[in-house]
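Residues 19 to 372 (this note's numbering) are what the sequence shown spells out, left to right. Ideal placement from N, C-alpha and C gives every residue a C-beta, glycine not left out. Note that the structure is predicted; figures quoted are calculated from it, not measured.
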Amino acid sequence: MDRKIYINGAASISAQTEEEIFSEKAKVFRENIFPAREVNYKEHIKPMMLRRMSKAIKMGLVTAKNVLNEASVEIPDSIIVGTGEGCKQDTEKFLENILNENEQFSTPTSFIQSTHNTVGGQIALDLKCTGYNMTYTQNSASFESALIDAKLQFTEGMDTRSVLVGGVDELAKTSTPFYNLDEQLKSGKINSSELLQSQSGGTITSEGAAFFLLSEIRTQNSYAEISDCAIYRVISEEKLSEEISWFLKKNNLEVEDLDAIILGNNGDARFDHFYHQLQKGIFENTLQLGYKHLVGDYNTVTAYACWLGAEILKRNIIPQQLKLNAISVKKPKSILIYNQYLGKNHSLTLLRSL
Numbered sequence: 019m020d021r022k023i024y025i026n027g028a029a030s031i032s033a034q035t036e037e038e039i040f041s042e043k044a045k046v047f048r049e050n051i052f053p054a055r056e057v058n059y060k061e062h063i064k065p066m067m068l069r070r071m072s073k074a075i076k077m078g079l080v081t082a083k084n085v086l087n088e089a090s091v092e093i094p095d096s097i098i099v100g101t102g103e104g105c106k107q108d109t110e111k112f113l114e115n116i117l118n119e120n121e122q123f124s125t126p127t128s129f130i131q132s133t134h135n136t137v138g139g140q141i142a143l144d145l146k147c148t149g150y151n152m153t154y155t156q157n158s159a160s161f162e163s164a165l166i167d168a169k170l171q172f173t174e175g176m177d178t179r180s181v182l183v184g185g186v187d188e189l190a191k192t193s194t195p196f197y198n199l200d201e202q203l204k205s206g207k208i209n210s211s212e213l214l215q216s217q218s219g220g221t222i223t224s225e226g227a228a229f230f231l232l233s234e235i236r237t238q239n240s241y242a243e244i245s246d247c248a249i250y251r252v253i254s255e256e257k258l259s260e261e262i263s264w265f266l267k268k269n270n271l272e273v274e275d276l277d278a279i280i281l282g283n284n285g286d287a288r289f290d291h292f293y294h295q296l297q298k299g300i301f302e303n304t305l306q307l308g309y310k311h312l313v314g315d316y317n318t319v320t321a322y323a324c325w326l327g328a329e330i331l332k333r334n335i336i337p338q339q340l341k342l343n344a345i346s347v348k349k350p351k352s353i354l355i356y357n358q359y360l361g362k363n364h365s366l367t368l369l370r371s372l
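Now the structure itself:
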């Protein structure tokens, strides 16, 4: 992707606050399912509306409004959202209501708000944005799918000046624990600070939202440049390093030129070998960063990784608690984000400083 796309605003909500990440005071979790930190939603959403909103809608709407406020943009030209499982809380409410009412007299409200495109729709309604609005639900590649579409908007839409893009997923009381049934989550004693050293299967999960205001116009508040993004449904471990080298070369970079790589290690011993191979191989001499031991894993957690990378490039600060090796970088200029989940949906996102 040759066109330069800048991040002019970024915001996130996760299991850790921004201060906890950058002041080395991250909270340790003892459960395999834990929620995102609560924020003051009343500052941004009217109380009557707030009562009817699931957490995904609240997180998505607040982060989106914070992004636009930071970028001094009232209405974006497009809104593109990635979500792996959508508004699960309202889905559960609707199904429980069907059961409780014996399939009669069911209110449609929960059903209407349970669809995957609800977050994007609510943002558009709040902003009165009538432009392009799309939701991608491609499991653990949902955010990257939205990001690729966002970049295409600038290529194909000549009048496009700004695109709001983000990823959001929420926990739900009944359906999220289902991950225990097929061993996607860890069992037994949990200590999130030791997650990445785990030798057992499964991981820990949470929820969150991260949104970005993208534009071809660079401003004094621009965070970084998103150079490229790619998704690979399936890729062999043998070809992974070769594919990453080609991806970097396509963007005029060699492996040695990369300042840091943000890896999606999640403590699942069945699939972390994809990351371990890179850590011991082509990125042995590159600063390696991890984040899922701090915020858990979920379908659009790479949106948080993108926010983290953009913040690092803007602040020139790399929190010690993210480091997976001892390599030091004073002023990072290029960061690669690599993720996979259960051996599928491998993705690469390249960020560059300005």
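Spatial neighbours of residue i within its chain, please: CB distance less than 6 angstroms, with the 5 preceding and 5 following residues excluded, ordered by chain position.
{"i": "residue 27", "result": "85, 88, 89, 231"}
{"i": "residue 19", "result": "The predicted position of residue 19 is uncertain, since its pLDDT is 47 and thus under 50; a value taken from the coordinates is nonetheless stated next. Correct list, in chain order: 169, 246."}
{"i": "residue 236", "result": "24"}
{"i": "residue 250", "result": "364"}
Going along the chain, which residues of its own chain have a beta-carbon closer than 7 angstroms to the beta-carbon of residue i, five neighbours each way excluded?
{"i": "residue 161", "result": "100, 185, 318, 320, 321"}
{"i": "residue 35", "result": "55"}
{"i": "residue 178", "result": "95, 96, 171, 172"}
{"i": "residue 155", "result": "101, 102, 104, 134"}
{"i": "residue 21", "result": "172, 173, 234"}
{"i": "residue 269", "result": "245, 246, 368"}
{"i": "residue 335", "result": "40"}
Less than 8 angstroms between the CB atoms is what I'm expecting for residue i and residue j, so what's the real figure, rounded?
{"i": "residue 128", "j": "residue 181", "result": "Not really, about 30 angstroms apart at Cβ, beyond 8 angstroms."}
{"i": "residue 31", "j": "residue 226", "result": "6 angstroms"}
{"i": "residue 79", "j": "residue 140", "result": "6 angstroms"}
{"i": "residue 208", "j": "residue 50", "result": "5 angstroms"}
{"i": "residue 355", "j": "residue 303", "result": "About 19 angstroms separates the two Cβ atoms, so there is no contact after all."}
{"i": "residue 211", "j": "residue 46", "result": "5 angstroms"}
{"i": "residue 93", "j": "residue 146", "result": "7 angstroms"}
Check whether the Cβ atoms of residue i and residue j lie closer than 8 angstroms to each other.
{"i": "residue 311", "j": "residue 213", "result": "yes"}
{"i": "residue 98", "j": "residue 337", "result": "no"}
{"i": "residue 148", "j": "residue 135", "result": "no"}
{"i": "residue 229", "j": "residue 81", "result": "yes"}
{"i": "residue 372", "j": "residue 327", "result": "no"}
{"i": "residue 242", "j": "residue 305", "result": "no"}
{"i": "residue 187", "j": "residue 308", "result": "no"}
{"i": "residue 144", "j": "residue 222", "result": "no"}
{"i": "residue 159", "j": "residue 339", "result": "no"}
{"i": "residue 280", "j": "residue 323", "result": "yes"}
{"i": "residue 163", "j": "residue 25", "result": "no"}
{"i": "residue 224", "j": "residue 33", "result": "yes"}
{"i": "residue 277", "j": "residue 183", "result": "no"}
{"i": "residue 23", "j": "residue 166", "result": "no"}
{"i": "residue 382", "j": "residue 219", "result": "Given a span of 19 to 372 for the chain in the structure shown, any question on residue 382 remains unanswerable."}
{"i": "residue 248", "j": "residue 117", "result": "no"}
{"i": "residue 189", "j": "residue 350", "result": "no"}
Keeping to the same chain, check which residues put their C-beta closer than 8 angstroms to that of residue i; ignore five residues upstream and five downstream.
{"i": "residue 292", "result": "255, 258, 358, 361, 364"}
{"i": "residue 131", "result": "70, 71, 72, 75, 105, 108"}
{"i": "residue 374", "result": "Missing from the structure shown is residue 374; the chain here goes from 19 to 372 and no further."}
{"i": "residue 37", "result": "43"}
{"i": "residue 423", "result": "No statement about residue 423 is possible, as the shown extent of the chain runs from 19 to 372 and does not include it."}
{"i": "residue 296", "result": "258, 259, 262, 279, 281, 356"}
{"i": "residue 299", "result": "259"}
Just checking: is the beta-carbon of residue i within a distance shorter than 8 angstroms of some beta-carbon in chain B?
{"i": "residue 367", "result": "Included in the structure is just one protein chain, with no chain B present."}
In chain order, each beta strand (DSSP E) run of at least 3 residues that lies wholly inside the stretch 247 to 331
Runs of the beta strand (DSSP E) inside the stretch 247 to 331: 278 to 281, 305 to 308.
Kindly provide the ranges of any beta strand (DSSP E) runs that are 3 or more residues long and lie completely inside the stretch 215 to 245, ordered along the chain.
Residue ranges of uninterrupted beta strand (DSSP E) with 3 or more members, entirely inside the stretch 215 to 245 and ordered along the chain, are 226 to 233.
Determine contact between the stretch 283 to 294 and the stretch 59 to 67, defined as no fewer than three beta-carbon pairs at a distance below 8 angstroms.
Segment contact: the stretch 283 to 294 against the stretch 59 to 67, fewer than three CB-CB distances shorter than 8 angstroms; contact not assigned.
Complete runs of the beta strand (DSSP E) confined to the stretch 85 to 144 [at least 3 residues]:
Within the stretch 85 to 144, the runs of beta strand (DSSP E) at least 3 residues long that lie entirely inside it are, in chain order, 96 to 100.
Going along the chain, which unbroken runs of the alpha helix (DSSP H) with 4 or more residues stay wholly within the stretch 39 to 78?
65 to 68, all fully within the stretch 39 to 78.
Using 8 angstroms as the threshold, is the stretch 112 to 119 in touch with the stretch 260 to 272, meaning 3 or more CB pairs across them?
No contact exists between the stretch 112 to 119 and the stretch 260 to 272.
Secondary structure, beta strand (DSSP E): runs of 3+ residues fully inside the stretch 141 to 177:
Listed in chain order, the complete beta strand (DSSP E) runs (minimum 3 residues) inside the stretch 141 to 177 are 150 to 154.
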